[in-house]
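For the sequence shown, our numbering gives the first residue as 11, with consecutive numbering after it.
Positions of the beta carbon are idealized from the N, C-alpha and C atoms, including for glycine.
All figures in this text were calculated on a predicted structure; none of them were measured in a lab.
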Amino acid sequence: MKTVKVGIIGYGYWGPNLARNFFDLPSAELVAIADLREDRLSRARSFFPEIRTTTDYNELFDMDLDAVVVSVPPGLHYPVAKKCLQNGLHVLIEKPMTQNSEQAEELIQLAEARNLTLMVGHTFMYNSAVIALKKFIDSGELGDIYYLDAARLNLGLFQRESNVLWDLAPHDVSILLYLLGQDPVSVSAYGTSCVFDTIFDVAYVNLMFPNQIPAHIHVSWLDPCKVRRITVVGSKKMIVFNDMENEQKLKIYDKGVDAPEYTDGYGEFHCNYRSGDILIPNVRMTEPLRQECQHFLDSVSNKTRPDSDGYNGLRVVRIIEAAEYSLKNSSSKETFAWEPLNMPALRQM
Ligand SMILES: NC(=O)c1ccc[n+]([C@@H]2O[C@H](COP(=O)([O-])OP(=O)(O)OC[C@H]3O[C@@H](n4cnc5c(N)ncnc54)[C@H](O)[C@@H]3O)[C@@H](O)[C@H]2O)c1
């Protein structure tokens, strides 16, 4: 199969991880890296002496590339990705796809009009532990899903032009959409700006999914402990995905509570608590980013729709938008209504 010639735009913190993977994958040829900063390009050349580097990403359009990866700050995702699509390149764009839904819709339309692959870097959809977690949910092993809880906390890293919601919540929103395979029916959020007056550094997002399944996301740049955790509580079992664990990322708890039959006396109010074994499934972990990069290459080569396609990116952006609206307007419940542009249903994976 023909290799996909790839260029990377943005070689800051995350770009080097993308470059390493595309350089390693046999079905890709890493041709060029663009960054405004000469020191970043010099670092890139120290790892990949053969590739071309430039401070002007427009030069990538004359390098006979097939695809580009956009890994610049989020405020530049839209203009950079738009120009790349206009120049006939397939695009993998980092999360969050854009800063508002109009921009995301425009990129989708542009990619569709030109038959180009547009994929968003929702890395956790390519994480073996998250994929295994979805399989456990879908198998019915947890029973009816009561609720989901996500926590993504740490001290920093503060960003001047973003807030904690746009920085961290796209990961959890994409995970929840993937796990449940449905859009939420309502979104609300509250939070606080502790360190800078105008930048939310702590946020709590409430999502209500169909069948009255609530989900809660807590994101924070102001927490003493680094936490990366998703908890799914079902009527039969509970499962925790702890991404801070190296090996035992998933734990299935055979725990639950059965309510007593109807009672009218305090003394008879005895719940039946179940506390059984804890199962640690053997999940073979491979680097999620590598899986993501390979999926992008496969989608380009096979002309297939990526799992985290533009619509998936748009969904996440719309949910973050609704949450931010609620956060800023202190609205207790921002009803989240879809007005999709013929948006395909969420893919059942
Ligand atoms: N998927 C993930 O898990 C994950 C993790 C971290 C970051 N990200 C995303 O990756 C993107 C980059 O984040 P980062 O932490 O690497 O940011 P960063 O600020 O460290 O790096 C961005 C780089 O882009 C360069 N740049 C800015 N404007 C440019 C332009 N016009 N042309 C070329 N280069 C330009 C900057 O010089 C910088 O080196 C963000 O969208 C972020 O949300 C994703």
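Where DSSP assigns a beta bridge to residue i, which residues make up the other side?
| i | result |
| --- | --- |
| phenylalanine 219 | Ile223 |
| phenylalanine 251 | Ile240 and Leu260 |
| glycine 17 | Ala42 and Val78 |
| threonine 430 | Outside the shown range of the chain (11 to 359) lies residue 430, about which nothing can therefore be said. |
| glycine 266 | Arg284 |
| arginine 55 | Answer is none; arginine 55 lacks a bridge partner. |
| leucine 128 | Val101 |
| leucine 232 | Leu165 |
| glycine 323 | Beta-bridge pairing links glycine 323 to no other residue. |
| leucine 289 | Ile262 |
| alanine 91 | Answer by DSSP bridge pairing: none, since alanine 91 is not bridged. |
| tyrosine 214 | Tyr200 and His228 |
Less than 8 Å between the CB atoms is what I'm expecting for residue i and residue j, so what's the real figure, rounded?
| i | j | result |
| --- | --- | --- |
| valine 174 | valine 229 | 5 Å |
| alanine 77 | histidine 100 | 4 Å |
| glycine 266 | lysine 247 | 7 Å |
| leucine 190 | isoleucine 223 | 7 Å |
| leucine 337 | tyrosine 200 | 6 Å |
| glycine 17 | leucine 102 | Actually they are not in contact, since the Cβ atoms of glycine 17 and leucine 102 sit about 11 Å apart, beyond 8 Å. |
| valine 197 | isoleucine 329 | 6 Å |
| glutamine 169 | aspartate 177 | 6 Å |
| glutamine 192 | leucine 356 | 6 Å |
Look at the alpha carbon of residue i and the alpha carbon of residue j, and state the distance between them as a whole number of angstroms.
| i | j | result |
| --- | --- | --- |
| asparagine 322 | glutamine 304 | 18 Å |
| isoleucine 118 | alanine 269 | 48 Å |
| tyrosine 23 | leucine 46 | 14 Å |
| aspartate 154 | serine 311 | 39 Å |
| alanine 142 | isoleucine 227 | 21 Å |
| lysine 105 | proline 291 | 29 Å |
| valine 250 | isoleucine 185 | 13 Å |
| leucine 180 | leucine 217 | Sequence inspection shows proline at residue 180; the leucine mentioned does not correspond to that position. Rounded to the nearest angstrom, the two C-alpha atoms are 13 Å apart. |
| aspartate 253 | methionine 135 | 13 Å |
| valine 41 | valine 14 | 10 Å |
| leucine 152 | leucine 158 | 12 Å |
| isoleucine 288 | serine 245 | 16 Å |
| tyrosine 21 | asparagine 27 | 9 Å |
| glutamate 171 | glycine 85 | 8 Å |
| valine 90 | glutamate 48 | 19 Å |
| alanine 38 | leucine 307 | 7 Å |
| glutamate 297 | proline 36 | 16 Å |
| aspartate 319 | serine 111 | 14 Å |
| histidine 9 | aspartate 233 | The requested residue 9 is not part of the displayed model; the chain covers only 11 to 359. |
| threonine 63 | glycine 25 | 13 Å |
| glutamine 258 | leucine 299 | 19 Å |
| phenylalanine 71 | isoleucine 147 | 44 Å |
| alanine 123 | threonine 314 | 15 Å |
| serine 138 | alanine 121 | 29 Å |
| phenylalanine 33 | proline 316 | 21 Å |
| tyrosine 283 | valine 242 | 18 Å |
| glutamine 109 | alanine 54 | 28 Å |
| serine 285 | lysine 261 | 14 Å |
| aspartate 207 | glutamate 271 | 52 Å |
| leucine 5 | glutamate 331 | Examination of residue 5 is not possible in this model, given that the chain is present from 11 through 359 alone. |
| methionine 353 | proline 194 | 15 Å |
| alanine 29 | leucine 51 | 12 Å |
State the DSSP-derived secondary structure class of residue i, mapped to helix, strand or coil.
| i | result |
| --- | --- |
| glycine 191 | coil |
| threonine 108 | coil |
| leucine 158 | strand |
| threonine 296 | coil |
| valine 205 | coil |
| tyrosine 335 | helix |
| serine 138 | helix |
| serine 149 | helix |
| alanine 355 | coil |
| tryptophan 24 | coil |
| proline 36 | coil |
| asparagine 312 | helix |
| aspartate 83 | At residue 83 the sequence reads proline, which differs from the aspartate that was named. The answer is coil: DSSP assigns proline 83 none of H, G, I, E or B. |
| asparagine 31 | helix |
| aspartate 177 | helix |
| lysine 12 | coil |
| aspartate 182 | helix |
| aspartate 317 | coil |
| arginine 47 | coil |
| arginine 170 | coil |
| glutamate 60 | coil |
| lysine 144 | helix |
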